[in-house]
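What follows is a single structure, written as structure tokens, with notes after it.
Residue numbers (our numbering): 28 to 165.
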């Protein structure tokens, strides 16, 4: 199943830090930009970092024994790409909110997942499904 790309705009406190994080560490190609925003190709999806002062407080919800940060955004990657990115993030000294792990083991929604923050404190989740066809399975 191929899903259409999404578009997401989100606040950051420092565009150059966002450029280094998304473009450098995550390897997301940069698209259009202006003095107050930058487009990135986030694993085939368009995200836009907008300069904004003052970030909203973060919350969390319990999911499978972890405190999942809310709000968050992310992408579903092929398993090998997820593993390579997890290793690159570990090597870069990324402080994970939730370390790379497998959750819902043995269930239809079994997935590898990791949560971390960008330099502005935006929470990201990157995951890979054991069976990609079961992304929305109950």
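Using N, Cα and C, we set each Cβ at its ideal position, and we do this for glycine too.
- Nearest Cα to residue 129 within the set 109, 147, 119 and 122: 109.
- Each residue's CA atom was taken as its position, placing residue 91 and residue 61 some 41 Å apart.
- Linking residue 85 to residue 149 through their CA atoms gives a straight-line distance of about 9 Å.
- The criterion of a C-beta distance shorter than 8 Å is not satisfied by residue 49 and residue 33.
- The Cβ neighbour count for residue 165, taken over all protein chains shown within 10 Å, is under 16; the residue is labelled exposed.
- Assigned with DSSP and collapsed to three states, residue 102 falls in strand.
- Non-local C-beta neighbours of residue 95 in its own chain, meaning closer than 8 Å and more than five positions away in sequence, comprise 87, 88, 89, 125, 142 and 152, ordered along the chain.
- DSSP places residue 165 in the coil class of the three-state scheme, outside both helix and strand.
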